[in-house]
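Undergrad: Have a look at this one before I ask anything.
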Amino acid sequence: MNRASPAVADRILVMAAALFRRKGYAAATTRELAELLNIQKATLYHHIGAKEDLLHGICRESLGDITRRVEQAAADVGGPERLEAMIEAHVESALEFRDLHSVMLFELRSLTGDRLTDVMGLRDTYERVLQDAVEHDQSRGLLRTDLSARRLTLALLNSLNWTIFWYDPAGDMSPREVARFLSSVFLDGAASPGARQARAARP
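Counting in the numbering used here, the sequence shown runs from 421 upward without gaps.
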């Protein structure tokens, strides 16, 4: 994607993500993508190197956006509300860019070689950000320590990632309300007794 301007590259990735989510990466073709973009296939290849470059770019953009937002939330908010803010940041990114995140989750393993290694590294980095937050709250007595930090992190990630598949924008919950719902489900179950009482007493 390095031959395309940022605006063109963004448009190509957005359209490619929508196509890959609808048809699946293996079944989608660059000819179909060119038609969606209303350009010639040869013109598309002027901007991209190969179809796999598109998937690589989608996965990098997905993980990059979600990591940036969650790290910013962690930096902006302290105390018991820190993990809640991180959960909200994840949900906001996931629901704003549903196609990107869906393709990353389902098609990541279609990548090969260095591209797969690169994206797996980004995924591991993001998981580490969340796990660090979980471990931090365990050390402060906010989360239960009888539960593995790794398993708590994976359980949290699973609930956050699947939001993009069940959330209905026309439904009765806003993205922020979804985030608060997921925070409540996770933190009420994983919180230490003292932290649970403190959460219940909050206005």
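Heads up, the beta-carbon is just placed ideally off N, CA and C, and yes, glycines get one too. It should be emphasised that the depicted structure is a prediction, and the values quoted were computed from it without experimental measurement.
Excluding the 5 residues flanking Ala611 on each side, which residues of the same chain have their C-beta closer than 8 Å to its C-beta?
TA: Along the sequence shown, read from residue 1 onward, the residue named residue 611 stands at position 191. Counting only Cβ-Cβ distances below 8 Å, and skipping sequence neighbours, we find Leu562, Leu563, Arg564 and Arg619.
Undergrad: In angstroms with no decimal places, state the Cα-to-Cα distance between Asn422 and Lys471.
TA: Taking the sequence shown and counting its residues from 1, one reaches residue 422 at position 2. Taking the sequence shown and counting its residues from 1, one reaches residue 471 at position 51. Residue placement at Asn422 cannot be trusted, given a pLDDT of 47 that sits under 50; what the coordinates show is reported in the next sentence. For Asn422 and Lys471, the distance between alpha carbons rounds to 14 Å.
Undergrad: Under the DSSP definition of a beta bridge, which residues are partnered with Ala611?
TA: On the sequence shown, position 191 is the one that residue 611 refers to. The partner list for Ala611 (beta bridge, DSSP) reads Leu563.
Undergrad: Once DSSP output is grouped into helix, strand and coil, what is the label at Pro589?
TA: Residue numbering aside, residue 589 sits at position 169 when the sequence shown is read from its first letter. It is coil, neither helix nor strand.
Undergrad: Quick one: using the 10 Å Cβ neighbour count with 16 as the cut-off for buried, is Arg596 buried or exposed?
TA: Taking the first residue of the sequence shown as position 1, residue 596 is located at position 176. Exposed, by the Cβ-count rule.
Undergrad: Counting beta carbon pairs with one atom in the segment 487-501 and one in the segment 577-587, are three or more of them shorter than 8 Å?
TA: Cβ pair count under 8 Å is below three, so no.
Undergrad: Could you pull out every residue in the same chain whose Cβ sits closer than 8 Å to the Cβ of Glu512, ignoring the five residues on either side in sequence?
TA: On the sequence shown, position 92 is the one that residue 512 refers to. These residues qualify, in order along the chain: Arg489, Pro595, Arg596 and Ala599.
Undergrad: Nearest CA to the CA of Met435: which residue from Glu455, Ala446 and Leu531?
TA: Taking the first residue of the sequence shown as position 1, residue 435 is located at position 15. Per the Cα distances, Glu455.
Undergrad: Three-state secondary structure (DSSP) at Ile459?
TA: Counting from one through the sequence shown, the residue named residue 459 turns up at place 39. In this structure, Ile459 counts as coil in the three-state DSSP scheme.
Undergrad: Please state the DSSP three-state secondary structure of Leu525.
TA: Translated into positions along the sequence shown, residue 525 becomes position 105. Reduced to three states, the DSSP call for Leu525 is helix.
Undergrad: Going by CA-CA distance only, name the one from Val554, Glu516 and Arg480 that's closest to Met506.
TA: Reading the sequence shown from its first residue, position 86 is the one you call residue 506. With distances taken between Cα atoms, Met506 lies closest to Val554.
Undergrad: Is Thr573 buried or exposed, if buried means 16 or more other CB atoms sit within 10 Å of its CB?
TA: Numbered from its first residue, the sequence shown carries residue 573 at position 153. Label assigned to Thr573: buried.
Undergrad: Please classify Ala447: is it buried, with 16 or more other beta-carbons within 10 angstroms of its beta-carbon, or exposed?
TA: Taking the first residue of the sequence shown as 1, we reach residue 447 at position 27. By the 10 Å Cβ count, Ala447 comes out exposed.
Undergrad: Which residues in the same chain have their Cβ closer than 6 Å to the Cβ of Ala438, if we skip the five residues on either side of it in sequence?
TA: The residue you call residue 438 lines up with position 18 of the sequence shown. Here the set comprises Asp519.
Undergrad: So, using beta-carbon positions, are Gln558 and Ala569 closer together than 9 Å?
TA: The residue labelled residue 558 in the question sits at position 138 within the sequence shown. The residue labelled residue 569 in the question sits at position 149 within the sequence shown. Yes; because the gap between Cβ atoms is below 9 Å, this pair is in contact.
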